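Input: a single structure, listed below in structure tokens.
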Amino acid sequence: MRKQSTIAALMFAAISCMMVANPGMPSKKKDKKAQVDSTAVAVGDSVFVDSLGNEIISTEADTTQMDSLQKAIWKHNKVVDDSIHQDSINRKKSGGIDAPVSYQADDSLVYDAHNKVAHLFGNSNVKYQNMDLSSDHISMDLDKSNVKAMGTPDSSTKEGVKGKPIFKIGGDTYDTDTIKFNFKSKKALINNVYTAQEDGFLRGMKSKRDSSGTVYLKHATYTTCDDPHPDFYISLSRAKMRPNKDVVFGPAHLVVCDVPVPIAIPYGFFPFSKSYSSGFIMPTYGDESARGFYLRDGGYYFAMSDKWDLKLLGEIYTKGSWGLSAASNYRKRYKYSGSFFFSYQDTKNGDKGMPDFTEQESFKLQWSHRQDSKANPFSSLSASVNFATSSYERNNLSSLYNPQTMTQSTRTSSVNWSTTFSSIGMSLSSTANLSQNMRDSSIAMTLPDLNISISRFYPFRRKKMVGDEKWYEKIAMSYTGHISNSINTKEDKLMHSSLIKDWRNGWQHQIPVSASFTLFKYLNVSPSFNFTDRMYTNKVEKSWDSEKQVEKSDTIYGFNNVYNWNMSVGLSTKLYGFWIPNRKLFGNRIDRIRHVFTPTVNFSYAPDFGASRYGFWDTYQKTDADGNVSLVSYSPYQNALYGVPGKGKSGNISFTLGNNLEMKWRDKNDSLKKVSLIDAFDINMSYNTAAKVRPWSDMNINLRLKWWKNYTFNMNAVFATYAYELDDQGNVFVGNHTEWGKGRFGRFQGMSQNFSFTLNPEKLKKLFGGGDDDDDDKDKNRKSDDDDEGMDTDIESNVDDNIEKGKTAAKKSGGGKAKTDTDGYMAFKMPWSLTFGYGVTMREDTRREKFNEKSMRYPYKFTQTLNMSGNVRLSDGWNISFSSGYDFENSKISMTTASLARDLHCFNMSCSVVLAPYTSYNFTFRCNAATLTDALKYDKRSGYSNAVKWY
């Protein structure tokens, strides 16, 4: 019964739904309104229609009048209609722009309703996302998402058009005549575009910009000249520019001063990347008489990481010579930094198979390393390596025109490592040294050179001080150990040397013990004891071969210990003397004069370590061919690394008399000022109590005067104690009689002095009273406002600030307008600088024919040198510099160089000439911009084999 009732209810519901779904079925008139409502519900909530298909305005259905089946159908249709409605909204959004467009205009805004275009006039601006467009006239068609900008004709402006479009997008700026831009595609069509990329400027007659930002140009020009009418440019038939990356172009040719130059290339590219990146390095070209035409300094740069890089270069000559080089820079912040360079050359001169054909291999190694002080306060590593074979600089083309490199006689290299143990006061340091003589290819190498030192400590001092300090607690001592391994050889024999037989090695210990006491409050007593010990691995015993009449040497390997010691005690004090001048004679300006007298007496003693009991010295018997027998003294350790203790006992008493003279005076403001009259005047002499012959030493006098604020006069003079005498053959020798005993002062041995002075217009004004303090202040202010890049020329030298700026085409102040004086005439100013250096050395001329037998003295010989250097700036960009000197001894001009530099705004021209001692020249003409400096250049150099003597 219950199942039948359920079936009946379902059939009734199905019939009811069929009646609702079919509006054409006959029904009673009173049910028509219900029929319309149900029809509207069946369609859904987005669009409602009646039985005739007409739209019903009401969008809401009355769900209270629906049964459960009608309500379920209504909810299903609502979900479907909502999804369709949302899709239609999304489709509408995807066809429009993604952000609002902001615009403004100073003059007016006109809307063309027919064409649906808005026109902005007068200093207009449109912004959309990262796009910024400014122009005098802008038109917008938002239906098509287009914007167009152009200038307005105006005869009063220079170019006849005012308010030309300036288009900015991202970080790029484009100056144009007209531009059309689409908001959705971000494509643009540009006429006569002008944009700056890195240090270059690109212009194109017709250009297209795609959505990625790439610009395609037709009939374009590229230049590094910032002038609106450039001095030169590269004419490009077509080009593709990727902003801040590069520009790739097709056929191109060079144009200089609007004149096409017959220099063309089929294609090329210019990189614009500001980021750290790898790339090719363009080679230089030229010719050299001995090796032929060449391509050199070309290769590839590897940007490995932010911490290090690598540059590989090569060179090749038409006659077979070639070379390779590698350079790297590395840096780790707060850790270390350095650079590495290695170069190899295979030089071939002459024709192969001919007698004059030569082939030579040479190389050069440079390494510089510095550890940051913040990396490790207790350990450090530094290196300065500069090694090259003796033939490298002669074969290197760049060194032929560098006088300093060609005349360099020695090269030094070192690698240093050190560490400190602060808890015990000990430090370790190791050094590898290399000294290279470029003239004879000799090498002096030390590997390693280890130093061990313990700072001063007081072994008898109490840890906890109670009461007064005892005398023995003032005794201090320290330790220094030195381990070394060295060799002197030729560069071609270094790698074939024996570590035991050819290298010299040893270990030296030094232990000084010292103390300082005060006696009677005024006397300072300083005793000391020094012990030195040497450890060697071999010794050389010598004997005489009577048959061959030669000295024989026999090297014996084993442990050998050599030591010596000495002791000394010093006594010193200070005496002060004051002198107050008579006020009636000298007035009140001089307050007083103080004289400080410092006498010092020191006694030192060392035993005779040449005695046989020590074994440090030995003898052998020599019998010459005539049968004469003599005893020859020698030391088995005389060629050892740290030497050998000297023979003979010594007991020296040295005297030093120190003097200092100062004055206090009053200035115009009645303020006391101290002036040094004699900064130091010291006299030193000693007497050896153990010497049986000539116990007195020479007298040394040191004088130091502070004449000016920045100049101190120093002179060291030596006066010989013993007089010259003549032997039976008339030869001159130093006798045993003193000059004092003959009634004469000590014999003056000579002196040496050097002076230098720099002259420029400012100093001339001060010397002749024409200087103006206001001008100096203006110059100082101007200097502080200038860019601080370049050379620091604040020190006194022959380098002028204005000249250095002129070399790099410094911008003229005031827009390049000529300066005028108070009368309206052009102010003449030509910066120049001239430096003189003079050195004189006074020594005895010890040639026998020059000896004066009456006065028993040699005459004095003077050695003088004169150096001169200077530079002058003829005008902005014109610079001349030179350096020369004169050798008075040889009566010849020393090395003379001259250079001329001209800055041509976009180009730089320079010519350097070496006039003496050999002649050479070097002419260079190249573009200033880094992008084109390797491409647009011309170098002409003289070869060392075809140098011409011009005088």
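The sequence shown begins at 0 in numbering that gives the first Met the number 0 and counts up by one. By construction, the Cβ of each residue, glycine as well, lies at the ideal position given by its N, Cα and C atoms. Quantities reported herein were computed from a predicted structural model and do not represent experimental measurements.
If you draw a straight line from the Cα of Asn713 to the Cα of Ala900, it is about 39 angstroms long.
Ser477 is not a Cβ neighbour of Ser527, given a cutoff of 9 angstroms. For Glu158, no alpha helix (DSSP H) segment is defined, and its DSSP state is neither H nor E.
Tyr173 counts as buried, since at least 16 other C-beta atoms from the protein chains shown sit within 10 angstroms of its C-beta. Residue environment: Asn659 is assigned as buried (16 or more neighbouring CB atoms within 10 Å of its CB, all protein chains considered). Of the residues Thr737, Leu433 and Val595, the one whose Cα lies closest to the Cα of Asp678 is Val595.
Shown here for Val109: same chain residues with a beta carbon closer than 6 angstroms to its own, the five before and five after excluded, namely His118 in chain order. Between the C-alpha atoms of Thr930 and Thr411 there is a straight-line separation of about 37 angstroms. Under the three-pair Cβ rule at 8 angstroms, the region 601-616 counts as touching the region 641-656.
Taking C-beta separations shorter than 8 angstroms and ignoring five residues to either side along the sequence, the partners of Tyr721 in its chain run Arg693, Trp695, Val733, Gly734, Asn735, His736, Thr737 and Glu738, following chain order. Taking a 10 Å sphere around the C-beta of Arg582, we find fewer than 16 other C-beta atoms and assign the residue as exposed. Using a Cβ distance threshold of 9 angstroms, Asn563 and Ser603 do not count as a contacting pair. Taken through DSSP and simplified to helix, strand or coil, Met303 comes out as coil. Within a 10 Å sphere around the beta-carbon of Met494 sit fewer than 16 other beta-carbons, which makes this residue exposed. Within the region 432-482, no run of alpha helix (DSSP H) at least 4 residues long lies entirely inside it. Classified as buried, Arg295 has 16 or more neighbouring CB atoms from the shown chains inside 10 Å of its CB. The closest CA to that of Ala639, considering only Thr711, Asp727, Val631 and Glu540, is found on Glu540. Only residues of its own chain outside the window of five on either side were considered, and among them Ala716 and Phe718 have a CB closer than 7 angstroms to the CB of Phe747, listed in chain order. Thr409 places its beta carbon 9 angstroms or farther from that of Ser378. Approximately 5 angstroms separates the beta-carbon atoms of Ser277 and Phe301; this is inside 8 angstroms, confirming the contact. The three-state secondary structure of Pro760, taken from DSSP, is helix.
Its Cα nearest to that of His136, the residue Asp153 stands out among Gly212, Glu197, Asp153 and Lys936. Put simply, the backbone Cα of Pro580 is about 32 angstroms away from that of Asn523. Each residue's CA atom was taken as its position, placing Ser413 and Phe459 some 40 angstroms apart. The beta carbon of Ser483 sits closer than 7 angstroms to the beta carbons of Thr445, Asp448, Asn504, Gly505 and Leu640 from its chain, once the five residues preceding and following it are set aside; these are given in chain order. Secondary structure of Lys672 (DSSP, three-state): strand.
With a minimum length of 3 residues, the unbroken runs of beta strand (DSSP E) contained wholly in the region 122-187 fall at 130-140, 145-149, 165-168, 171-174 and 177-181. Distance check between Asp532 and each of Ile262, Met662, Thr688 and Val643 places Val643 closest, using alpha-carbon atoms only. Residue pairing of Gly298 in beta bridges, as defined by DSSP: Ile280 and Leu312.
Taking C-beta separations shorter than 7 angstroms and ignoring five residues to either side along the sequence, the partners of Asp209 in its chain run Lys186, following chain order. Under the Cβ criterion (8 angstroms, minimum of three pairs), the region 209-225 counts as touching the region 241-248. With fewer than 16 other beta carbons inside 10 angstroms of its own, Pro99 counts as exposed. Less than 9 angstroms divides the Cβ of Gly199 from the Cβ of Phe271. Each of Arg665, Tyr636 and Lys573 was checked against the Cα of Gly586, and the nearest Cα belongs to Arg665. Annotation: Phe887 to Asp726 spans about 35 angstroms, alpha carbon to alpha carbon. Relative to Pro858, the option among Asn866, Gly869, Pro598 and Arg842 whose CA is nearest is Arg842.
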